[in-house]
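Note that my numbering has the sequence shown beginning at 569, numbered continuously upward.
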Amino acid sequence: MRNRRLIILLIVTAVLFSIVPVTASAEFGGTVNSDHVLMMDLDSGLIIYEKDAYSMAFPASTTKIMTCIVVLENCDNLRDKIEISKIVNDFGKGNSLMGLSAGDKVRVKDLLYGLMLPSGNDAAAVLAEHFGGGYEGFAEMMNVKAKELGMENTHYVNPHGLHDEEHYTTAYDMAILVRYAMQNGDFKAIVCTPSYACPSTDKMEERTLYNSNRFLNPKEKNKDYNWSAVTGVKTGFTNNAGGCLVTTASRNGKNLLCVILGDRSDGQEGRWSESRALLEYGFETLTTAEISELGIPEQTISVPNAASDDAENGMLALTLGDSSSTVTLTKDMLGAIASGAARVEVDIELDGVVSAPIASNQKMGTATISYNGNTLGTVDVFASRAVVEKQEAAASESPSGSPDGNSLIGGPPSVISGQGPSVYLIVAAVIIVLMILLVIFRIKNRRRRKRRHNDTTSRRRKQDNVI
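See the structure below:
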């Protein structure tokens, strides 16, 4: 009995291990102490490393990524000037500020640089008041955008990220947002800027705004942190959130994204070393592969109206991609696929109903190729050969070739003439009518018998009462 239980336990354990998804995280040799971390390929969304990336975290000033993209998408002209209200007086010591004065007038463009480079809470408040009517209205705009992007575990209550228990996100949701925002040319230009010359206004002299991102900041004290591969994005910190850093970087055609939330190290120094180590690892391990290297079994579809003499009986093999088609994955993934230890999945979406005639190399749809739930790439799908359409028999000919269509040798014709109903339809209709009449007759007969039975029973009862 004990041996049987042991065997069952071993089988269950093996099954559990077989269904746990394999990730690239285990292959990273460095140490990551921050609470919530995610690194992915910026282009495909392939996750290369993640640590508790789907749990709630406080975003601090990385909130301003959403603030910036919402303003950019709701502003007609970045050169429009906004009058600065007294809301800027709400921020005291300990706040990161652009340095705005009530009563001044500042361009939207300058406010956005003040929002994203020195991480100005005052700039965030002014922009939210102007575009959303206040924090509540602007937060609603932020939440609508988050929902639109599929950020399912994110909720905003303010534009700057100062701590609030109801203001939260996840590392994964942040990655979704950054992938979207980096497609906006204005956003991309702002977040990769080391410093910005902010023009003078009535109440502000011309000044230089410096990026709080040490990878980009040109000041002498940050020279050891500077990294030419970095293309953005945003820093953040509150006591509750810890150190936060969202970084994009590019090298040799590879574009990566790293999100770190919850760095609890002294001075939040860990976010810089962890981000660089992860991104360096990403550049090293990320690779591309041709479709032929993935060991994908032949994909076939059925063509229902293929010619009766079709060599493949209507089965059509599909070609995934063309000679230049590749997918993005890690070297470890590619090795596992090549050795047979893992396999990729293919999800084909056809362009409408499959129907002949089909030309050789005709585009039939698209195929999404994935590995353990991660999309490696999407390629077009083509017909590997031509498929001829099945030819219908002429209406004037019977199956036996008799010109009058009434030959009984080749089987009964389906239609007596070019007009009028089929013989079979007439016979079927007659049978149906007869069956309906039979059912009605049986129902009436049954009711008649029941009535007679009731009458007989009633008479017997009366006789019994008389006696």
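Here a beta-carbon is modelled for each residue, glycine too, at the ideal position from N, C-alpha and C. Just so you know, these numbers come straight off a predicted model, no measurement behind them.
Query                                                                                                          : Result
Proximity test, Cβ basis, 8 Å: Val-600 and chain B                                                             : Among the protein chains of the structure shown there is no chain B, as only one such chain exists.
Proximity to Ser-602 [Cα-Cα], best of Ser-923, Thr-887 and Ala-625                                             : Ala-625
Residues that DSSP places opposite Val-947 in a beta bridge                                                    : Ala-935
Cβ-based burial, Pro-727 [other Cβ within 10 Å; buried from 16]                                                : buried
Beta-carbon proximity list for Val-759, same chain, < 7 Å, skipping 5 on both sides                            : Met-684, Gly-800, Val-801 and Lys-802
Opposing strand residues paired with Thr-1015 [DSSP bridges]                                                   : Just to set this straight, residue 1015 is Arg in the shown sequence, not Thr. BP columns for Arg-1015 are empty, so no partner.
At least 3 beta-carbon pairs within less than 8 Å: the region 807-820 vs the region 782-799                    : yes
Closest residue to Ser-669 among Lys-771, Leu-730, Phe-755 and Asn-711 (Cα-Cα distance)                        : Lys-771
Every unbroken alpha helix (DSSP H) inside the region 858-919 [4 residues or more]                             : 899-907
Secondary structure of Met-710, DSSP reduced to three states                                                   : helix
Distance between Gly-908 and Ile-864 (C-alpha atoms, nearest Å)                                                : 11 Å
Alpha carbon of Gly-729 to alpha carbon of Tyr-740, nearest angstrom                                           : 17 Å
Cβ-Cβ distance between Ala-885 and Val-914 below 8 Å                                                           : no
Alpha-carbon spacing of Gly-941 relative to Ser-687, whole angstroms                                           : 36 Å
For Ser-586, the three-state DSSP class (helix, strand or coil)                                                : Interpretation of Ser-586 is limited by its pLDDT of 36, a score under 50 that renders its predicted location unreliable; the figure taken from the coordinates is listed afterwards. Three-state DSSP puts Ser-586 in a helix.
Status (buried if at least 16 other CB within 10 Å, exposed otherwise) for Thr-737                             : buried
Three-state class that DSSP yields for Arg-953 in the structure shown                                          : coil
Reduced DSSP category for Ile-926 - H, G, I as helix; E, B as strand; rest coil                                : strand
Same chain, Cβ closer than 7 Å to Leu-717, neighbours up to 5 away in sequence not counted                     : Ile-744, Leu-745 and Tyr-748
Check whether Val-605 and Val-827 have beta carbons under 8 Å apart                                            : yes
Stretch pair the region 782-791 + the region 805-812: three plus CB contacts closer than 8 Å                   : no
Proximity winner among Met-883, Pro-872 and Ile-637, relative to Glu-866 (alpha-carbon distances)              : Met-883
Arg-819 - containing beta strand (DSSP E), residue span                                                        : 810-819
Member of Thr-776, Leu-846, Phe-1009 and Gln-751 whose CA lies at the smallest distance from the CA of Met-666 : Thr-776
Neighbour-count burial assignment, Asn-779, 16 or more Cβ in a 10 Å radius                                     : buried
Leu-665: CB within 7 Å of a non-hydrogen atom of the ligand GDP                                                : Inclusion of the ligand GDP in the displayed structure is not the case, the ligand content being empty and no account of it being possible.
Residue of His-731, Arg-1010 and Glu-861 minimising C-alpha distance to Gln-903                                : Looking at the sequence shown, residue 903 is not Gln but Gly. Closest by alpha carbon: Glu-861.
Whether Asp-690 touches Val-656 by CB criterion (8 Å)                                                          : yes
Same chain, Cβ closer than 6 Å to Ala-875, five either side skipped, listed in chain order                     : Val-956 and Lys-958
Beta-carbon spacing of Asp-620, Leu-824 below 8 Å                                                              : no
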